[in-house]
Every structure is written in structure tokens, then in C-alpha cells.
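Read in order, the letters of the sequence shown correspond to residues -15 to 279 in our numbering.
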Amino acid sequence: MEPYQVLTSKYGWTDSLEDGFAKGGACGNLVNMGNEHWIAALGRSSSTVKFAFHPVLSEGGRWQVSVGDKVVASGVADGAGSTGDIDVAVSGFGGAARRRIKFECVGGRILYQHGELFTRGKIDVPFVWCAPEGSQGFSDFATEERMSSIVPHVNARSGKTLIFISLGTNNFISAASKHRIPDEYVLELDACLRQWDAAVQGDKQFVLAIPPKPRVQLPYAPYETYVNKTLEYAKSNPWLSLIRTDMSILGTDSTQDLYSADGIHLNEKGHEAWAAVICQQLGVRLNDFRARLSA
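#1: Between Q189 and the rest of its own chain, which residues show a CB-CB distance below 6 Å, the 5 nearest in sequence each way excluded?
#2: Bridge partners of Y243, per DSSP?
#3: Can you give me the Cβ contacts of A160 inside the same chain, cut-off strictly under 6 Å, excluding the 5 residues immediately before and after it?
#4: Whose CA, out of P136, D(-1), Q240 and D167, lies closest to the CA of A183?
#5: Using the C-alpha atoms, what's the distance from G186 back to S42?
#6: Rounded to whole angstroms, what is the Cα-Cα separation between E88 and H21?
#7: Check this for me: beta carbons of G44 and V55, under 9 Å apart or not?
#8: To the nearest angstrom, report how far apart A177 and V211 are at their CA atoms.
#9: Comparing C-alpha positions only, which one of K86, Y169 and D62 sits nearest to I70?
#10: Which residues mark the beginning and the end of the alpha helix (DSSP H) in which T209 is found?
#11: Considering just the uninterrupted stretch of the alpha helix (DSSP H) at Q185, what are its terminal residues?
#12: Grab me the residues of T127's own chain with a C-beta within less than 7 Å of its C-beta, minus the 5 sequence neighbours each way, in chain order.
#13: Given E172, which residues of its chain have a CB within under 8 Å of its CB, disregarding the five upstream and five downstream residues?
#14: Can you tell me the Cα-Cα spacing of I262 and V49, whole angstroms?
#15: So, are the CB atoms of G143 and I23 less than 9 Å apart?
#16: According to DSSP, which residues form a beta bridge with L150?
#17: Taking buried to mean at least 16 other C-beta atoms within 10 Å of its own C-beta, is V33 buried or exposed?
#18: Which residues does DSSP list as the beta-bridge partners of V60?
#19: So, helix, strand or coil for G91, using DSSP?
In C-alpha cells form, the structure reads like this:
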């Protein structure tokens, strides 16, 4: 599953995790944090942070949040499923953009889901959204359990919501046993979107990254047929925007060095290429973003 289950980043992330992942929560797997395990990142200009965890499986686990070497909040995991908003712009921290913000388990066990950074009341960047699990399709992300683990955190914030979807490959390859003919593929996409549209409050827009072209034979139809069906759907449903991965090198047959040996999973170089396509089409200047995180 590399690199999906790697939390440490060369852009400022650190952690002490040893216990890997445990079942349960938003997308099937959560970070299994034992006593004294922590996740940290440079806070940049954040004024508020919030950390979330499985409300049942983490119950009784003790946590604390520190900025630099000062503990700014602590508590016990309960049914709320999060720390709530924590003010890190207190005296002595307001201008400390390079202070390390750390979430730590200090007793029991916490199954960590995600964290958020806020600047002036708005989300600056997801802190860590941990939801790694293989062989997932559109319908897997429209279940009540998974939606109930994510949606309350989204609805807790006012303003517009961008829902980014990075799914689809497992619905046209045979390896996951979830493959569909092109018409069924679009129907499952539509059902997933409508579930999320009904659950997430306020203005929202969906963005789907068209999956890269696998280097394997698809059982029901060529890759291009799935792409065309997706394009037809998006044209008649303006709530969905598309990242045209298929128009990049990842939509061609010239990708041998971008895939792992199975021809399905992108390798590290392939993920870098995929991220570059997504950032380019979203208008994110990737080099500037990297510099901001690592400077």
C-alpha cells in the first residue's frame, strides 16, 4: 500500500508511530496510536488546530497538544470524536509560524483519523487525513459508517466545501472484484455523489480526478470508454468538475516507469506525476507550495 500509508513527509511532518493501522472509522483504517506516540508538523501561521479520532474505539485514551515545548490543551477521548478547536495563537505563539504543533497520545489508545490547521478561522491545509485502505470503490465511500465519521467534521465549518474524489480504478480493473461495465461505473459514481450531496451542508462542488490508465487489460471495456462515459456524465451534471489525468502522460501507454510491477499501482515517481497534474489543473503552484512548507 505504499505510499498511501506513509504519514511522514519531507515537507515538515514527523511522527513516532510504530503500531501501524487499525480497522474502523472513516475509510476502514485509522492510525493506531499507543502511549507516547505522536504526530507533529510545523504550524506555519496557524491560529487554531483540531484533531479527530474514532469516537468509540478511542474512548478513554488520553491526549495532549503542545506548541513547541508548551502543552496548550489536553483531554480524554470521548463520543465527540475530536479535541475540539484549540487556540494556538495564545500569547507567545501568535507570530511563531515555525513552532512545531504536536498531537500526542499520553495514555491508553487513540485511533487517529485526521487533523486540521486553521488560519484566521479558515482551513489552511489538512493536517493529516488518514484514511488508507486498498481495493476501495465508489460504493465503499457512501456507507453510513464512513460518512458519519467524516461529514460532522465538514459540517462543523461554514462556507463552501470542495469534495475531492480520487476513486475509480477499482471499479474498472478486475483485481478488486468490484469492476463494473462503463454504464454501471457511472451509476455508482452518481450514487456516491448524491449521498455526499445530501449529507454535506451548504455550497459544495465535487472534483473527480480521472484515474490514471492501468497497464493491465480491463475486463469489460477499454480505459477510453470509461473516460468518455465520465465526460458525458460531467457535461450533464455541472456539480462535478474533472481533473483530466487522461490528457496527461498518465492517460497514455508510455508509463512503464511510473507503475509498480502489477501495472495497477503508481510508484513514487508515478504519484509525483499524478500530484503534479492535479495541482496544475487546480491552479496550485506546486513548487511555491513546497517552498512554503519546507522553508
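Just so it is clear, CB atoms sit at the ideal spot from N, CA and C, and this is done for glycine as well.
The short version:
#1: The answer, listed in chain order, is L146.
#2: Paired residues: L250.
#3: For A160, same chain residues with a beta-carbon under 6 Å away, outside a window of 5 residues either side, are S119 and N154 in chain order.
#4: Relative to the Cα of A183, the nearest Cα in the group P136, D(-1), Q240 and D167 belongs to P136.
#5: S42 and G186: Cα-Cα distance of roughly 30 Å.
#6: When rounded, the distance between both Cα atoms is 6 Å.
#7: Against a cut-off of 9 Å, the Cβ pair of V55 and G44 comes out as no contact.
#8: Checking the sequence shown, residue 177 turns out to be Leu, not Ala. Answer to the nearest angstrom: the Cα atoms are 17 Å apart.
#9: The candidate whose alpha carbon is nearest that of I70 is K86.
#10: It spans Y207 to S220 - the alpha helix (DSSP H) in which T209 sits, taken as one unbroken run.
#11: Per DSSP, Q185 is not a residue of any alpha helix (DSSP H), being assigned neither H nor E.
#12: No residues qualify anywhere along the chain.
#13: Within the same chain, E172 has close Cβ partners G121, F122, S123, N155 and R164.
#14: Rounded to whole angstroms, I262 to V49 spans 32 Å at the Cα level.
#15: Contact check for G143 against I23 fails: the beta carbons are separated by 9 Å or more.
#16: The sequence given here places Ser at residue 150; Leu does not occur at that position. Under DSSP, S150 shares a beta bridge with no residue.
#17: Sixteen is the threshold: when 16 or more other Cβ atoms of the shown chains lie within 10 Å of the Cβ of V33, as they do, the residue is buried.
#18: BP columns for V60 point to R46.
#19: If DSSP states are grouped into helix, strand and coil, G91 belongs with the strands.
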